[in-house]
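K.L.:
Just passing along the structure, written as structure tokens.
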Amino acid sequence: MSSERKSRWLFKITIVGPDDMLLREVMDAINSNTVAVDGIRIGSRDLEAGSSEVRAVMMSPTKRAMDILFSFSYRGASAVIIVLRRPDPEIETKYRNEIRENIGSGCPTRVFYVGDELNEEKRKELAGLFTSLIEEMIEARETSDK
Numbered sequence: 110m111s112s113e114r115k116s117r118w119l120f121k122i123t124i125v126g127p128d129d130m131l132l133r134e135v136m137d138a139i140n141s142n143t144v145a146v147d148g149i150r151i152g153s154r155d156l157e158a159g160s161s162e163v164r165a166v167m168m169s170p171t172k173r174a175m176d177i178l179f180s181f182s183y184r185g186a187s188a189v190i191i192v193l194r195r196p197d198p199e200i201e202t203k204y205r206n207e208i209r210e211n212i213g214s215g216c217p218t219r220v221f222y223v224g225d226e227l228n229e230e231k232r233k234e235l236a237g238l239f240t241s242l243i244e245e246m247i248e249a250r251e252t253s254d255k
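See below:
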């Protein structure tokens, strides 16, 4: 009987975008429990990916976040999800520059377009995006550990 030990990972994912209400919907779709502290929404989610146990901590700064908390939501992030209602190259570039400035280049980043509403189909798409992002980070860490 094999007693292969599961690897454990902790990732911090920052979720950003120009629409605070939309960010809240996305955070609630990913996490069952989120809390708000001085303009920062925080949540976590446990999941299994292959032979790994993962805890993903998500932080999402709102427009009214204090500067120190805003920078804290980026510091140490393993990945970023940019949430937009529709494709907007100008806004996407703004957030990508912010990510590069606060985290550096090479941070896995995804853009999620919600459209008119965060319906069941979009929730499934978000779940797939989230899972593939986690799997990419696990693979990158396992490769760098070898």
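So for the sequence shown, our numbering puts the first residue at 110; every next one is plus one. C-beta: ideal position from N, C-alpha, C; glycine also. No experiment lies behind these values; they were computed from the predicted model shown.
1) Using a 10 Å radius around the Cβ and a threshold of 16 neighbouring Cβ atoms, would you call Gly126 buried or exposed?
2) On a CA-only basis, which of Arg195, Leu235, Arg117 is nearest Asp128? Give me that one, please.
3) Asp155 bridges to which residues according to DSSP?
4) Below 8 Å on the Cβ atoms is my guess for Lys121 versus Val192; work out the distance and round it to an integer in Å.
5) Beta carbon of Leu131, beta carbon of Ile149: below 8 Å?
6) Can you give me the Cβ contacts of Tyr222 inside the same chain, cut-off strictly under 8 Å, excluding the 5 residues immediately before and after it?
7) According to DSSP, Leu242 sits in a beta bridge with which residue or residues?
8) Going by other Cβ atoms of all chains shown within 10 Å of its Cβ, with 16 needed for buried, is Met110 buried or exposed?
P.N.:
Quick look at the numbers:
1) buried
2) Arg195
3) Arg164
4) In fact, because the Cβ distance is near 17 Å, the residues do not count as touching under 8 Å.
5) no
6) Leu193, Arg194, Arg195, Pro196
7) Beta-bridge pairing links Leu242 to no other residue.
8) Summary for Met110: the model assigns pLDDT 44, below 50, so the residue's position carries little reliability, and this model does not support an answer.
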